[in-house]
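Residue numbers for the sequence shown follow our numbering, beginning at 1 and rising by one.
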Amino acid sequence: MAQQHLMETYARLPVAFVRGEGAWLWDEDGRRYLDAVSGIGVCALGHAHPAVAEALCAQARRLVHTSNLYRIPLQEELAARLCALTGMERAFFCNSGAEANEAALKLARRLGHQRGIEQPAVVVAQGAFHGRTLATLTATGNRKVQAGFEPLVRGFVRVPYNDLAALEAVARNRPEVVAVLLEPIQGEGGVVVPDDDYLPGVRELCDR
Numbered sequence: 001m002a003q004q005h006l007m008e009t010y011a012r013l014p015v016a017f018v019r020g021e022g023a024w025l026w027d028e029d030g031r032r033y034l035d036a037v038s039g040i041g042v043c044a045l046g047h048a049h050p051a052v053a054e055a056l057c058a059q060a061r062r063l064v065h066t067s068n069l070y071r072i073p074l075q076e077e078l079a080a081r082l083c084a085l086t087g088m089e090r091a092f093f094c095n096s097g098a099e100a101n102e103a104a105l106k107l108a109r110r111l112g113h114q115r116g117i118e119q120p121a122v123v124v125a126q127g128a129f130h131g132r133t134l135a136t137l138t139a140t141g142n143r144k145v146q147a148g149f150e151p152l153v154r155g156f157v158r159v160p161y162n163d164l165a166a167l168e169a170v171a172r173n174r175p176e177v178v179a180v181l182l183e184p185i186q187g188e189g190g191v192v193v194p195d196d197d198y199l200p201g202v203r204e205l206c207d208r
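1. Where does Val202 fall in DSSP's three states?
2. Which partner residues of Cys43 appear in the DSSP bridge assignment?
3. Just to confirm before moving on: does the CB-CB distance between Gly127 and Val192 stay below 8 Å?
4. Going by DSSP, name the residue or residues bridged to Asp196.
5. Of all the options Gly190, Thr140, Arg143, Cys206, which has the alpha carbon lying nearest to the alpha carbon of Ala108?
6. Excluding the 5 residues preceding and the 5 following Ala166 in the sequence, name in chain order all residues of the same chain whose CB lies nearer than 8 Å to its CB.
7. Between the stretch 46 to 60 and the stretch 113 to 120, do at least 3 Cβ pairs fall closer than 8 Å?
8. Let me know the secondary structure DSSP gives Glu21 once reduced to three states.
9. Return yes when the C-beta of Ala48 is under 7 Å from any heavy atom of the ligand ZN, and no when it is not.
10. Helix or strand or just coil, what does DSSP make of Ala243?
11. Note down the Cα distance separating Ala147 from Pro73, rounded to an integer number of angstroms.
12. Evaluate Leu34 with the Cβ neighbour count: other Cβ atoms within 10 Å of its Cβ, from every protein chain shown; 16 or more gives buried, anything less gives exposed.
13. So for Val159, helix, strand or coil by DSSP?
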């Protein structure tokens with residue numbers, strides 16, 4: 001019916017969910033399904049949690065959105081809390097994972113130019129998934145995702161995931177590298193969990 005008006009970006013399964021509760025979903029025919037991923041993407045909050053629903057409703061009754069040209073006190077409070085938890089100095093809010101990764105890439109390039117690097121590069125991993133914008137699908141380590149969108153964005157150096165020696169070689173030989181973009185656990189790449197010393201080793205390399 002209405003599917004004929006949707007672009008064919010996904011091969012959709014013949015199931016439509018109409019409501020959820022916690023980790024459970026119900027389809028149009030009343031069948032119940034266990035949702036083992038708690039939602040999708042950056043919205044992995046489960047379904048219809050009363051506290052989440054009430055917070056959304058309460059905020060919508062007061063104010064849905066204002067321009068970033070004005071102060072947003074709740075945004076400032078959340079930024080302060082995030083910085084306290086992570087040790088970062090500042091926060092930048094985005095609407096999706098792809099948008100956040102795109103912003104991170106832009107910030108890394110800006111830093112490179114401020115340091116006098118004309119062609120700043122970012123290290124990414126084989127098998128990675130970072131989104132479907134033009135820059136993030138280039139950063140993604142899956143040719144299937146990239147096919148048909150060439151020319152891709154320049155400025156990426158790809159290394160094997162969970163291979164600290166490969167990253168060290170890049171750090172020694174590629175002075176134009178300004179950042180590393182990695183998943184703590186590769187999801188679409190096959191749920192690849194790195195060795196315990198990999199991410200601390202990456203952090204140590206970046207801090208040099």
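C-beta atoms are modelled at their ideal positions from N, C-alpha and C, and glycine is treated no differently.
Quick look at the numbers:
1. Here residue 202 is taken as the residue at index 202 of the sequence shown, counted from 1. Helix, per DSSP.
2. For this step, residue 43 is matched to residue 43 along the sequence shown. Per DSSP, Ile40.
3. On the sequence shown, position 127 is the one that residue 127 refers to. On the sequence shown, position 192 is the one that residue 192 refers to. Result yes, Cβ atoms of Gly127 and Val192 sit closer than 8 Å.
4. Working through the sequence shown from its first residue, we reach residue 196 at position 196. Asp196 pairs with nothing; no bridge assigned.
5. To locate residue 108, count along the sequence shown from 1; it is residue 108. Nearest option by C-alpha distance: Cys206.
6. Residue mapping note: residue 166 aligns to position 166 of the sequence shown, counting from 1. Answer for Ala166: Val159, Pro160, listed in chain order.
7. no
8. The residue given as residue 21 occupies position 21 in the sequence shown. In the structure shown, Glu21 sits in a strand (DSSP, three-state: E or B).
9. The ligand ZN is not among the ligands present in this structure, which contains no ligands whatsoever.
10. Look at the range of the chain in this structure, 1 to 208, and you will see that residue 243 is not part of it.
11. Numbered from its first residue, the sequence shown carries residue 147 at position 147. Numbered from its first residue, the sequence shown carries residue 73 at position 73. So the two alpha carbons sit approximately 43 Å from each other.
12. Locating residue 34 in the sequence shown gives position 34, counting from the first residue. Exposed: under 16 other Cβ atoms inside 10 Å.
13. As a working note, residue 159 is residue 159 in the sequence shown. Here Val159 sits in strand by DSSP.
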